[in-house]
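Below is one structure, written out as structure tokens; comments come after it.
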Amino acid sequence: MKQFNDAFGTVVDKVPEPINIIEKDWLKDPWFLGGPSPVMKPRLLKGAGKSIRDPFKNIHFIGTETSIVWKEYMEGAIRSGIRGAREVTEALDGLAYL
């Protein structure tokens, strides 16, 4: 929580402590066999360009499929999440904290 307070202390007085935390060890879950990573036909989204990433009003599209690089990989999901966090932060107050 210290990291949250350090990061957002200028925006809020104090980030509240969580009521509950749930952790999951996916490797120990017998039903978890990985996640789908759909493969699309070549050039299927070529016409969409960056519009697949463009926000629609207050809806922001985040996920590995919307990543600029490393699509379909965890790295792409992380990069997309960072991009999305910046977009939402800027949309909320015009200042990027990330």
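Counting from 1, position 5 in the sequence shown corresponds to residue -5 in my numbering; the numbering is continuous, with no gaps. Just so it is clear, CB atoms sit at the ideal spot from N, CA and C, and this is done for glycine as well. Since we're looking at a predicted model, the values are computed, not measured.
- Rounded to whole angstroms, Lys18 and Asn10 show a C-alpha spacing of 21 Å.
- In this structure, Ala67 and Thr54 form a Cβ contact; the two beta carbons are roughly 4 Å apart against a cut-off of 8 Å.
- With respect to the C-alpha of Val5, the residue from Ile12, Gln(-7) and Glu13 having the closest C-alpha is Gln(-7).
- Rounded to the nearest whole angstrom, the CA to CA distance from Thr79 to Pro20 is 38 Å.
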